[in-house]
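This report concerns only the one structure given below.
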Amino acid sequence: RRLLTPVQMAAADHAAIAAGTPGTVLMARAGQAVSDAIRQRWAPRPVLVLCGLGNNGGDGYVVAQCLRDAGWPVRLAALGDRAALRGDAAHHAARWAGVVEPLQPGMLGETALVVDAVVGAGLSRPFDGPAAALLAEAADSGVPRCAVDVPSGLCGTSGAVRGRAVAATLTVTFCRKKPGHVLMPGRALCGEIVVADIGVEDDAVVSTGAQAWENTPAAWSACFPWPDAAGHKYRRGHAVVMGGAHMTGAARLTALAAQRAGAGLVTLAVPSPAWPVYAAAMTSVMVEPLAAPGDFGLALRDARRNAVAIGPGAGATPDTRAQVLVALGTGRATVLDADAITVFQDAPQALFDAVTGPCVMTPHDGEFQRLFDVQGDKLARTRAAAERSGAVIVLKGPDTVVAAPDGRAVVNTHAPATLATGGTGDVLTGIVTGLVAQGMPAFEAACAAVWLHGEAARQAGLGLVAEDLIQQLPTALRELARQVRSHGGQTSG
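FYI, the numbering for the sequence shown is 10 to 502, going by my numbering.
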């Protein structure tokens, strides 16, 4: 599940070539893999293969030849002169025995499948012109499209569209996915994604130094805090959630989610005037009244209270700011969301300087921009923010990115659109808090929380409201345990 940028994928290819696999063989395997994926999904039909002037085009020539050898009716259209191809691409283009037509709009004819091998993931300029127009015609007419590596026009590094890009029905990439396959809008443009093994060894992949992964349990299940038969509630941690005076629902969602995620004890520390509201709604979560905002430090005197969540419903007030600094000053695991982030928008460095222990911040785009003036794609921005702040950053969205200060990052694809409703972020904050309370490292806890959050939403289905996520967390945990067991992992002590 490691993600390789186009530059890193090229380095892995070069390492494989240096280890003895010729580039022509890698390209032949890539084209064969695309052909195989096509034949597994469609019956023989008229195919139009569109080839560019780089290695992506070379893959296209292999695809065309493989499909023709399998008895499919194939036309091949090239963008530019085939004589301009170099290296491995030129080698395979010379092996194409059929006609090469000039690529131009209006040439679909009876085509029932288009193979897009025009521009690969490392495009250097906006994609437009006749190839883009022809692909748009195919989409408008309902002709399925198979993209080689990425749909032309999609940046493999960022997931952004450069110029124009037409959504593919199927995308076949090689060795590993690229960030552009999992970051939006790229993920939405790729359709079904197949990752084909073309013989690039794992050592070659690791040698690239890539530190980004698609978020799956394999990345963090080894340190997941499964219940221990010899354990007790204090060994499972005691989470403290700061409750606001007015928006009481948010902190209640956070507290309940922390408890469902496995924290042995959860305490809501709340302003005394709001105590009856919280206490009437809570049963197994303890509610502790604070006579004054400055008393929050008293709620943290017990060292067994080892994880703190602040932000949901807290209010962007000086009191919230002070409470954040108190929590961070203890060095205990602290999870910051919503108002706990916004309250530092005028002095973000004061927040960053206060981070001395494990800290997770879970901003959405608006909150992120209030703290961080960083540029680049979502993966790059989240990494820069984590390095600058010293905290694990969870930049939420349909393609949530989790980044650690040391450069590790994951992109989460396990999140249905139903999560776009109020309160779901408060639940996520609680899940993270519950996991760090049990001793899970901050980065891995954030990754696991994002996955469980998405799985709970998947289990809830349509009509989801935030409370449903809490009810579905046990089901999500059972699914996690099933996946871990199926891969030979341990789920109990």
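The C-beta atom is built at its ideal place from N, Cα and C for all residues, glycine as well. Because the structure is a prediction, the values reported are computed rather than measured.
Taking the alpha-carbon of A347 as reference, which of S150, E201, D374, V72 has the nearest alpha-carbon? Ranked by how close their Cα comes to the Cα of A347, the residues S150, E201, D374, V72 have D374 in first place.
Nearest to D212 by CA position, among C184, P357, G340, is which residue? Cα-wise, what sits closest to D212 is C184.
Counting Cβ pairs, one atom from each stretch, are 3 or more of them under 8 Å apart for the region 435 to 445 and the region 334 to 350? Yes, since at least three Cβ pairs between the region 435 to 445 and the region 334 to 350 fall closer than 8 Å, the two stretches touch.
Distance between beta carbons of G69 and V123, contact taken as under 8 Å: Contact doesn't hold; Cβ gap of about 11 Å is too wide.
Looking at the secondary structure, which residues open and close the beta strand (DSSP E) in which D125 lies? Per DSSP, D125 belongs to the beta strand (DSSP E) from 122 to 126.
Pair within 8 Å by beta-carbon distance, C60 and A126: C60 is a Cβ neighbour of A126, given a cutoff of 8 Å.
Measure the CB-CB distance between P194 and T178 and report whether it falls below 8 Å. No, these two residues do not count as a Cβ contact at 8 Å.
Looking only at its own chain, which residues have a Cβ that is under 7 Å from the Cβ of G497, when we skip the five neighbours before and after it? Excluding positions up to five away in sequence, the list is empty.
Per DSSP, what kind of secondary structure is I207 in: helix, strand or coil? Of the three classes helix, strand and coil, the one that applies to I207 here is coil, per DSSP.
Nonlocal neighbours in the same chain, by C-beta distance under 6 Å from R314, ignoring five residues either side: H247, V249.
Sequence-distant residues of its chain with Cβ nearer than 8 Å to P82 (five each side left out): Apart from the 5 residues on each side of it in sequence, P82 sits with its Cβ closer than 8 Å to the Cβ of P53, R54, P55, V56 in its chain, given in chain order.
Give the secondary structure of V34 by DSSP, where H, G and I count as helix, E and B as strand, and everything else as coil. Correct three-state label for V34: helix.
What does DSSP give as the partner residue(s) for V223 in the beta ladder? Inspection of the sequence shows that residue 223 is occupied by Glu rather than by Val. Within the DSSP bridge table, the entry for E223 names V420 as partners.
Is it true that the CB of L471 sits closer than 8 Å to the CB of A427? Residue 427 is actually Thr in this sequence, not Ala. It is a contact, given that the beta carbons lie within the stated cut-off.
What residue range is occupied by the uninterrupted beta strand (DSSP E) comprising C60? First-last of the beta strand (DSSP E) with C60: 56 to 60.
Considering just the uninterrupted stretch of the beta strand (DSSP E) at C456, what are its terminal residues? C456: not part of any beta strand (DSSP E); member of the alpha helix (DSSP H) spanning 451 to 469, first to last residue.
CB of R330 within 8 Å of CB of V352, strictly: A contact, by the Cβ cut-off of 8 Å.
Starting from H190, follow the alpha helix (DSSP H) in both directions and report where the run begins and ends. 188 to 191 is the extent of the alpha helix (DSSP H) around H190.
T257: first and last residue of the uninterrupted alpha helix (DSSP H) it sits in: Counting along the chain, the alpha helix (DSSP H) containing T257 begins and ends at 257 to 269.
Would you mind reading off the limits of the alpha helix (DSSP H) that contains C75? Taken as a continuous stretch (DSSP letters only), the alpha helix (DSSP H) holding C75 covers 64 to 78.
In the DSSP assignment, find the unbroken beta strand (DSSP E) run with H241 in it and report its ends. Membership of H241 in any beta strand (DSSP E) is not indicated, and neither H nor E is assigned to it by DSSP.
I'd like the ranges of any alpha helix (DSSP H) spanning at least 4 consecutive residues and lying wholly in the region 281 to 361. Listed in chain order, they are 284 to 290, 327 to 338, 348 to 351.
Looking at A400: is its Cβ nearer than 8 Å to the Cβ of V369? In terms of Cβ geometry, A400 and V369 form a close pair [threshold 8 Å].
How about A412 and A395: are their beta carbons less than 8 Å apart? Here A412 is near A395, since their CB atoms are less than 8 Å apart.
Paired residues, beta bridge with F233 - DSSP: In the DSSP secondary-structure assignment, F233 is not bridged to any residue.
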